[in-house]
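Protein chains in written order, with the working numbering: chain F, -7 to 162; chain C, 179 to 233.
In structure tokens:
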């Protein structure tokens, strides 16, 4: 399912939209994990046009994390059937649900709540040129929240998918 | 937990139209003042001087 079928757009694709007043435009800000280790930089904002809000932060992942991840994948392929996360060169982006982070306006740092560096390292990445589909979204949420698969909306292909705690400001 | 809302950008063309209108009004007002001032100056220059020595 194409991103547009899911009402999902990069904010810079929507020339007539902007981050609302009193909200922070975090593009370019550093993003860190729950222990303040650098994950990368927020490269873009994925928005749901119908919901009129950001649902994912698009993160350009730090090279160090990518290198660490490559070592992990090599081990996984050697030891198990590691098809789920076969990386290609150029797969340097990952998404983080907006409700999974905290924004610090003073330091201009975004922090992922309760998601550690190792989880990010193991989470599948995508190539910015090819975007991602709903199956990738599910795999990312499984990686971040492995115990949350049975929540309502998980198997949905429409906006009900975003009716999860991970996308809400709670 | 964070939230970032988006909104539609406000169009800029109404502001441009308003500025142009203001500029036109200002220009018209000053132009009229300049013309009135020039007219008064010409009338003073063309006035016949009074002969103060005649009895």
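For every residue, glycine included, the Cβ atom is placed at its ideal position computed from N, Cα and C.
All figures in this text were calculated on a predicted structure; none of them were measured in a lab.
#### Entry: Near-chain C residues of the region 90 to 122 of chain F (beta-carbon distance less than 7 Å), N- to C-terminal order
Listed by position along the chain: 90, 91, 93, 94 and 95.
### Query
Roughly how many angstroms lie between the CA atoms of residue 34/F and residue 0/F, to the nearest whole one?
Counting from one through the first chain, the residue named residue 34/F turns up at place 42. Counting from one through the first chain, the residue named residue 0/F turns up at place 8. Whole-angstrom Cα-Cα distance: 17 Å.
### Message
Please identify, using Cβ separations under 7 Å, the residues of the region 185 to 196 of chain C that lie next to chain F, in order along the chain.
### Response
Shown in chain order are the members of the region 185 to 196 of chain C whose Cβ falls below 7 Å from a Cβ of chain F: 185, 186 and 187.
### Task
Return the first residue and the last residue of the alpha helix (DSSP H) that residue 132/F is part of.
Locating residue 132/F in the first chain gives position 140, where the first residue counts as 1. Start and end: 126 to 136.
### Query
Got a sec? Which residues, its chain only, sit under 8 Å from residue 96/F by beta carbon, not counting five neighbours each side?
Along the first chain, read from residue 1 onward, the residue named residue 96/F stands at position 104. Here the set comprises 102 and 103.
### Query
If you pair each beta-carbon of the region 123 to 134 of chain F with each one of the region 10 to 30 of chain F, do three or more pairs fall below 8 Å?
These segments do not touch.
### Task
Classify residue 38/F as buried or exposed, calling it buried when 16 or more other Cβ atoms lie within 10 Å of its own Cβ.
Here residue 38/F refers to the residue found at position 46 of the first chain. Burial call: buried.
### Query
I think residue 31/F touches residue 53/F, with their Cβ atoms under 8 Å apart; what is that distance to the nearest whole Å?
In the first chain, residue 31/F corresponds to position 39, counting from 1. In the first chain, residue 53/F corresponds to position 61, counting from 1. With a Cβ gap of about 7 Å, residue 31/F and residue 53/F count as contacting.
### Message
So, with DSSP's three-state summary, where would you put residue 75/F?
### Response
Within the first chain, residue 75/F is the residue found at index 83, counting from 1. Only weak support is given to the placement of residue 75/F: the predicted model assigns it a pLDDT of 48, under 50, and the value that follows is read from those uncertain coordinates. Annotated three-state conformation of residue 75/F is helix, per DSSP.
### Query
Do you know offhand how far residue 130/F's Cα is from residue 197/C's?
As a first step, residue 130/F must be located in the first chain, where it is residue number 138. As a first step, residue 197/C must be located in the second chain, where it is residue number 19. Going from the Cα of residue 130/F to the Cα of residue 197/C covers about 51 Å.
### Per-residue DSSP class, three states only, for residue 183/C
Reading the second chain from its first residue, position 5 is the one you call residue 183/C. Strand at residue 183/C.
#### Entry: Residue environment, residue 85/F, which counts as buried when at least 16 other CB atoms sit within 10 Å
Here residue 85/F is taken as the residue at index 93 of the first chain, counted from 1. The residue is buried, with at least 16 neighbouring Cβ atoms inside 10 Å.
### Entirely enclosed alpha helix (DSSP H) segments - the region 10 to 74 of chain F, minimum 4 residues
For the region 10 to 74 of chain F, the full-length alpha helix (DSSP H) segments reaching 4 residues or more read 55 to 71 along the chain.
### Task
Return the first residue and the last residue of the alpha helix (DSSP H) that residue 94/F is part of.
For this step, residue 94/F is matched to residue 102 along the first chain. No alpha helix (DSSP H) contains residue 94/F, which is instead part of the beta strand (DSSP E) from 93 to 96.
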